[in-house]
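Visitor:
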Amino acid sequence: MARGQRTSLREAEENDPVWWCRHYKTAVNYLVIRMYQLLQGDERMRESVTNMMNAQLSAFAETAEVELDEVKLT
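Structure below.
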């Protein structure tokens, strides 16, 4: 998915939008906290958060329909 491109909804998301809204808001909440820890934490915290995010990235990307190999790094 290109940056700024709209995502499509899956059938399950359309069938239970309230549950999915909570699910995604919870995921965003988690990511905001981890990003803050990554940016503001000491070296030990940054290493810990980086390891957690690396371990979880593929699952988040799959849920968000993001092909990580296609993400531009610059």
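The letter at position 53 of the sequence shown is residue 44 when you use the working numbering, and the numbering goes up by one with no holes.
For glycine and all other residues, C-beta sits at the position ideal for the given N, C-alpha and C.
Using a Cβ-Cβ cutoff of less than 6 Å, which residues in the same chain neighbour Met(-8) once the five nearest sequence positions on both sides are dropped?
Guide: By 1-based counting over the sequence shown, the position of residue -8 is 1. Summary for Met(-8): the model assigns pLDDT 48, below 50, so the residue's position carries little reliability, and this model does not support an answer.
Visitor: Tell whether a beta-carbon distance below 8 Å holds between Gly32 and Val40.
Guide: On the sequence shown, residue 32 is found 41 positions in, with the first residue counted as 1. On the sequence shown, residue 40 is found 49 positions in, with the first residue counted as 1. For Gly32 and Val40, yes; Cβs fall inside 8 Å.
Visitor: Verify whether the separation of the beta carbon atoms of Met36 and Gln28 is less than 8 Å.
Guide: For the purposes of this step, residue 36 is taken as the residue at position 45 of the sequence shown. For the purposes of this step, residue 28 is taken as the residue at position 37 of the sequence shown. Yes. Within cutoff.
Visitor: Whose C-beta lies closer than 8 Å to the C-beta of Glu53 among residues of the same chain, with five residues either side of it excluded?
Guide: Locating residue 53 in the sequence shown gives position 62, counting from the first residue. Cβ within range, chain order: n/a, list empty.
Visitor: At the level of alpha carbons, what is the spacing between Thr(-2) and Glu38?
Guide: Reading the sequence shown from its first residue, position 7 is the one you call residue -2. Reading the sequence shown from its first residue, position 47 is the one you call residue 38. The straight-line gap from Cα to Cα measures roughly 32 Å.
Visitor: According to DSSP, simplified to helix, strand and coil, what is Asp60?
Guide: The residue you call residue 60 lines up with position 69 of the sequence shown. It is helical.
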